[in-house]
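If you're matching them up, the sequences are chains A and B in order.
Position 86, counted from 1, in the first sequence is what our numbering calls 132; the numbers after and before it change by one each time, with no gaps.
Position 306, counted from 1, in the second sequence is what our numbering calls 411; the numbers after and before it change by one each time, with no gaps.
The beta-carbon is built from N, C-alpha and C at its ideal position, and this holds for glycine as well.
Predicted, not measured: the structure shown is a model, and the values here were computed from it.
Please read the structure below before turning to the comments.
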Amino acid sequence: MWPDPNLKVATLVSVGQHPKSGRARRAEQDARAVELGLKMAGTRSRLVNVGAGDETGLRQYLGMGLPELMQVKAGTEADAVPALVEHLKTHPTDIVLTGIRAEQGEASGMVPYLLGEQLGWPVVSRIADIQKIEDGKADVLQALPRGQRRLLRVPLPFIATVDNAAPEARQYAYGPARRGQLAETNGTAIVDEARLEWQETPAKPRPKRLNVVKAKSAADRFKAATAKPQGQGGQVIRDGTDREKAEAIMELLISEGVVR
Amino acid sequence: MSDMPISDVPRRDPRTEWILRNRLHPQHDELVAASSGPVRGPSGLLRKNPRAVGYIGPNGLKRIDRSAGFSGGAGGVSFRSRGRSGQAEVELPLHTVEQPDFYVAVVVDLAAGRLSGHDKDVLGQAHQLVNATEGEGAVLAIALGEAREAAFGKAGADRLIHLTDVQGEPLDGYCPERKLAVLEAVECEFEPRYWLFPDSVHGGADLGSRLAARLGERPAVQAWQVDTERTVCRGGSQLTDWHRPTARVMLLAAECALPIDETRHEAKPLELTVIPPVTPRIEDLGPVDVDPSKIALSEAEFILAAGNGVRDWDQFHAVATTLGATEGASRVAVDDGNMPRFRQVGATGTWVTARVYVAVGISGAIQHLQGIGQCDKVVAINLDDGCDMIKRADLSVIGNSQGILGELLNLAESRQNGTGADTADLAIDTREEERHVA
Ligand SMILES: Cc1cc2nc3c(=O)[nH]c(=O)nc-3n(C[C@H](O)[C@H](O)[C@H](O)COP(=O)(O)OP(=O)(O)OC[C@H]3O[C@@H](n4cnc5c(N)ncnc54)[C@H](O)[C@@H]3O)c2cc1C
């Protein structure tokens, strides 16, 4: 069933940075979104970027086998949202895929939500996969913490952020990255005034929280420093048949919600 | 000390102690009488009963304890026991807000129905903001969904809005649109000065971003140092800090502030008069079964761990599969070749964070207990009711592991046959190395 040639998928990509060297590269989460777009719409899925981004970073997305990347020209200080709203209003789109947070800058993760609000489209967060599309509705697999999954049904068009649980992005190749087209267009570029007043500094290491013992007496402090961590005396079942004991365990598992 | 009435603070009076020890001191008798209470005779005169002192020692001889109340006597015991009982029922002072001038709203995650450490940190941050702002403010906790064992008052909620359903629709599962409608109603009615969310994968980040977009506020995201003027937020890839003015909507990083631990709060319930009706577009089709053996041990929610007390390994694997538990093991089980090395829990294995940890035939060596320090509920199945695992466990059953596992298997199977028809059976490919970004 995939890829579906009639499906219009747009992936919003940004330039990432290597966490150690800081060198520009494709952003990890965005690349997973591109991978999901490739699965759904093949090479017809669109790539959209706003900014004056670094070309080597952007070309790595093209190296995943896509022919074109549309770049809306805007300065580095510009707000990406108006340009993207304009783009999505003029280009028919069914599904917009994005990463969760950018690897550079403020990384607030607000772009999908602002787009959803302004376009009136539903936003689904942290998806791992899109399973099928039927009658204008998509069955989306959402990634939950602790490796759990949830199935959601969303009407098209919608916006989805792609979790790290989604399939890993394919390797990019140098040749296609060189050959791919960086199509530049001009769009609404509004300078993000508020942010100009903020200061960006290298991250300060955060103090580690110490386990402060607020004991009133020396004996309490001594106990807190030396005692083994122990539960406050749980329930102990000594008597009864194995059946009764197993039932007690089962009851706890059900009340905790781990056994459905 | 300020949270304890001054009269309750145990104080020593070295001078009195010294007089009580010194039988030759002119005031000795006076003080001994005072510390053992006055006895009045029939005519109202103060009487001293010379026989009422002392106790019968082990040899049947009468012994008089001249230290009278200090160093180890009867009075000493009562002194110590007063201290102990005071500690058991230590009642923190109640912080009350009569007529709040403003609110600081905190939307807690309530993941699995409990207040997480992150939730409590955010509540602590809310109190810092209230204290630093002029006027009397109240922290308004908003909890959406079922709660279990959630002590809102203790965590610092002055006011509480706790909803489990909206217009008859339950607020569990994924329903951000309904939750957003509730938050909008709160905005209309109470106009909180700040909106605080935990910036977490349990829904706080999602809901906070939605509210910020709806209200047209620019949120501070991954904020880790907040006061009423300035906020410091972590930027992309955790490589930079953004220094910015404090926003009205804030998504706070974990450990942004210390939780409340010196006061109790009222958690007075508030009612919302109107919640505008919503027709959610996102439909929740429920959780999907994932293969528990493919979830990384460190982030598994439910672990069934085997130790040296497991005899029937096929049975153990069958129980884990039927219950949908991820398997873990003690070092002995691994060393004996019954379990693979990557299943080992403990100091030299994996540190697990499971919500429920079932230890079958594990004695609870310190190296193993270290690895399960962060588990919420521990269940122990063991023959020996004196072992350390029983002391750690919230529920322990004493008995042969084989018999109990067998019955557990029967129970789980009968339960599955009863209700198992409607669970979605989808083959999901989750890989061992998957991690969620926080
Ligand atoms: C440097 C170092 C690092 C270590 N790191 C780890 C580590 O990371 N993880 C770890 O687990 N260990 C570790 N150990 C080993 C640890 O000290 C213990 O030896 C080990 O945890 C004991 O495993 P156990 O509880 O399964 O076995 P045992 O101590 O033998 O306990 C077996 C338990 O099963 C019960 N039992 C027996 N038969 C039955 C039955 N039929 N039904 C029910 N119960 C029964 C017994 O009463 C007993 O309580 C480490 C040790 C060292 C020295």
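{"query": "Measuring only between beta-carbons, confirm whether A/Ser154 sits less than 8 Å from chain B.", "result": "yes"}
{"query": "Let me confirm a value: A/Ala265 is counted as buried when at least 16 other C-beta atoms fall within 10 Å, else exposed. Which label applies?", "result": "exposed"}
{"query": "So, at 7 Å on beta carbons, what are the nonlocal neighbours of B/Leu268 in its own chain, with the 5 sequence-adjacent residues on each side left out?", "result": "Leu249, Leu276 and Val287"}
{"query": "Indicate, with yes or no, if ligand 1 has a heavy atom lying under 7 Å from the CB of A/Val237.", "result": "no"}
{"query": "Indicate the three-state DSSP secondary structure (helix, strand or coil) for A/Met110 in the structure shown.", "result": "coil"}
{"query": "Shortest alpha-carbon distance to B/Gly414 belongs to which of B/Leu402, B/Arg436, B/Gly341 and B/Phe257?", "result": "B/Arg436"}
{"query": "Taking 7 Å as the cut-off, is the C-beta of B/Gln507 nearer than that to any heavy atom in ligand 1?", "result": "yes"}
{"query": "Please classify A/Asn95 as buried or exposed, where buried requires at least 16 other C-beta atoms within 10 Å of its C-beta.", "result": "buried"}
{"query": "Nearest to B/Thr384 by CA position, among B/Ser501, B/Thr201 and B/Arg283, is which residue?", "result": "B/Arg283"}
{"query": "Within 10 angstroms of the Cβ of B/Phe447, are there 16 or more other Cβ atoms? Answer buried if so, exposed if not.", "result": "exposed"}
{"query": "Check whether chain B comes within 8 Å of A/Met47, counting only Cβ atoms and requiring the distance to be less than that.", "result": "no"}
{"query": "Is it true that the CB of B/Ala517 sits closer than 8 Å to the CB of B/Arg458?", "result": "The sequence given here places Thr at residue 458 of chain B; Arg does not occur at that position. No, these two residues do not count as a Cβ contact at 8 Å."}
{"query": "Compute the distance between the beta-carbons of A/Leu12 and A/Ala229, then report whether it is under 8 Å.", "result": "This structure cannot speak to residue 12 of chain A, because chain A is shown only from 47 to 306."}
{"query": "Is the Cβ-Cβ distance between B/Val461 and B/Ile486 less than 8 Å?", "result": "no"}
{"query": "Using the three-state DSSP reduction, which class does B/Val182 fall into: helix, strand or coil?", "result": "Note on B/Val182: pLDDT 37, under 50, position unreliable in the model; the coordinate value appears next. Helix, per DSSP."}
{"query": "Are any of the Cβ atoms in chain B nearer than 8 Å to that of A/Glu132?", "result": "no"}
{"query": "Between B/Thr544 and chain A, is the shortest Cβ-Cβ distance under 8 Å, so that the two count as touching?", "result": "Summary: the structure shown does not reach residue 544 of chain B, with chain B confined to residues 106 through 543, and so no result is reported for it."}
{"query": "Buried or exposed: B/Leu488, going by 16 or more other Cβ atoms within 10 Å of its Cβ?", "result": "exposed"}
{"query": "Quick one: is B/Ala293 buried, meaning 16 or more other Cβ sit within 10 Å of its Cβ, or exposed?", "result": "At residue 293 of chain B the sequence reads Cys, which differs from the Ala that was named. Looking at its Cβ environment, which holds fewer than 16 other Cβ atoms inside 10 Å, B/Cys293 is exposed."}
{"query": "Quick check: B/Asp440 and B/Gly469, are their CB atoms within less than 8 Å of each other?", "result": "no"}
{"query": "Is B/Ile400 close to chain A, meaning its C-beta is less than 8 Å from at least one C-beta of that chain?", "result": "yes"}
{"query": "If A/Val237 sits next to A/Ala79, beta carbons under 8 Å apart, how far is it from one beta carbon to the other, in whole angstroms?", "result": "Going by Cβ atoms, the distance from A/Val237 to A/Ala79 rounds to 27 Å, so no, they are not a contact pair."}
{"query": "May I have the straight-line CA-CA distance separating A/Asp149 from B/Arg264, to the nearest angstrom?", "result": "Looking at the sequence itself, residue 149 of chain A is Glu, so the reference to Asp does not match. Spanning the two alpha carbons is a distance of roughly 38 Å."}
{"query": "With DSSP run on the structure shown, which of helix, strand or coil describes B/Ser190?", "result": "Its pLDDT being 40, under 50, B/Ser190 is placed unreliably by the model, and the measurement read from it follows with that caveat. B/Ser190: helix per DSSP, three-state reduction."}
{"query": "Output needed for A/Trp48: all residues of its chain with C-beta closer than 7 Å, excluding positions within five of it in sequence on either side, in chain order.", "result": "Lys85 and Met86"}
{"query": "So, does the CB of B/Ala290 fall closer than 8 Å to a CB anywhere in chain A?", "result": "no"}
{"query": "Quick one: is A/Met296 near chain B, going by C-beta distance under 8 Å?", "result": "yes"}
{"query": "With a CB to CB cut of under 6 Å and the five nearest residues on each side skipped, what residues in its chain are close to B/Ile503?", "result": "Asp490"}
{"query": "Is it the case that the Cβ atoms of B/Ile380 and B/Ala317 are separated by a distance below 8 Å?", "result": "no"}
{"query": "Counting only Cβ-Cβ distances shorter than 9 Å, please list the residues of the segment 342-361 of chain B near chain A, keeping chain order.", "result": "Ser342, Gln343, Leu344, Thr345, Asp346, Trp347, His348, Arg349, Pro350, Leu356, Ala358 and Glu360"}
{"query": "Given 7 Å as the limit, tell me if B/Ala498 has its C-beta closer than that to any heavy atom belonging to ligand 3.", "result": "As presented, the structure is devoid of ligand 3, carrying ligand 1 as its sole ligands."}
{"query": "Quick check on B/His232 - is its C-beta less than 8 Å from some C-beta in chain A?", "result": "no"}
{"query": "Is there a Cβ from chain B that is less than 8 Å from the Cβ of A/Arg69?", "result": "no"}
{"query": "Answer yes or no: the CB of B/Arg416 versus the heavy atoms of ligand 1, is any distance below 7 Å?", "result": "yes"}
{"query": "Name the chain B residues that come within less than 7 Å of A/Gln217, Cβ to Cβ?", "result": "Here the premise fails: no neighbours, minimum Cβ distance about 17 Å."}
{"query": "Pick out the complete beta strand (DSSP E) segments inside the segment 403-430 of chain B, 3 residues or longer, and give them in chain order.", "result": "407-411"}
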